[in-house]
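K.L.:
Residue numbers 1 to 150, in the UniProt record's numbering, belong to the letters of the sequence shown in order.
Cβ coordinates follow ideal geometry from the N, Cα and C atoms, glycine included.
Remember, predicted model here, so these are calculated numbers, not experimental data.
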Amino acid sequence: MLRRMGIQRMDNVAVVVDDLDAAVAFFSELGMELENRMGIEGRFADLTVGIDGLRSEIAMMRTPDGHSKLELTKYHTPEALGAGREFPPPNTLGLHRVMFAVDDIEDTVARLRPHGAELLGEIARFEDVFLLCYLRGPAGIIVALAEQIG
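1. Return the residue from the list R9, V13 and L135 that minimises the CA-CA distance to M61.
2. What is the C-beta distance between F130 and E106, in whole angstroms, given that I count them as a contact (C-beta under 8 Å)?
3. When you compare only the Cα positions, how much space is there between K69 and G94?
4. My guess is that L119 and V109 are in contact by the Cβ rule of under 8 Å, so how many angstroms apart are they, rounded?
5. Measuring only the C-alpha atoms, how far is L47 from L135?
6. The alpha helix (DSSP H) spanning I105 covers which residue range?
7. If you reduce the DSSP assignment to three classes, tell me which class R85 lands in.
8. Any idea which residues DSSP pairs M10 with across the strands?
9. Taking the alpha helix (DSSP H) that R43 belongs to, which residues open and close that run?
10. Hey, V15 and L72 are a contact pair by Cβ (cut 8 Å); roughly how many whole angstroms apart?
11. Taking A59 as part of the beta strand (DSSP E), name the residues at either end of that continuous run.
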């Protein structure tokens, strides 16, 4: 009998942010729930991440259905790289975006604007199936929203 090696599930996606409180507020406004917030440091952290003297704080956010999580990470030591730089465009290699299904895309965008959200384009209709948009969220990450309309 062959034993299959594989993943059990995807636990989370991590995003490095410069302002953890603001990022928690942004994703809370989106509808995610703060599951846990804690400091991370010590030998296990240094070995896992490959950075000696690592000191960070994480906030684990979860979707209301409990199936998806987003780990927001603030590095205290060493300081995160890239602060103050222009954010890359959507066609940059690497992690592209995080997408959320929402009930009302226009209301969601309006609620996120006071938290720094900026549309990259506009809310667009894909056939008679979805309303979609990309916006910049905390630390410049691209957050995509989709409202099913058909």
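P.N.:
Here's the rundown:
1. Among R9, V13 and L135, the Cα nearest to that of M61 is on V13.
2. At roughly 13 Å, the Cβ-Cβ gap does not stay under 8 Å, so F130 and E106 are not in contact.
3. Looking at the two C-alpha atoms, the distance is approximately 19 Å.
4. So it is a contact: roughly 7 Å between Cβ atoms.
5. Distance between the alpha carbons of L47 and L135: 35 Å.
6. That run of the alpha helix (DSSP H) goes I105 to L112.
7. Look at R85 here: in three-state DSSP terms it is coil, with no helix or strand label.
8. DSSP lists no partner for M10.
9. Note, R43: alpha helix (DSSP H), R43 to V49.
10. Contact between V15 and L72 holds: CB atoms are separated by about 6 Å, below the 8 Å threshold.
11. Looking at the DSSP string, the run of the beta strand (DSSP E) that includes A59 is R55 to R62.
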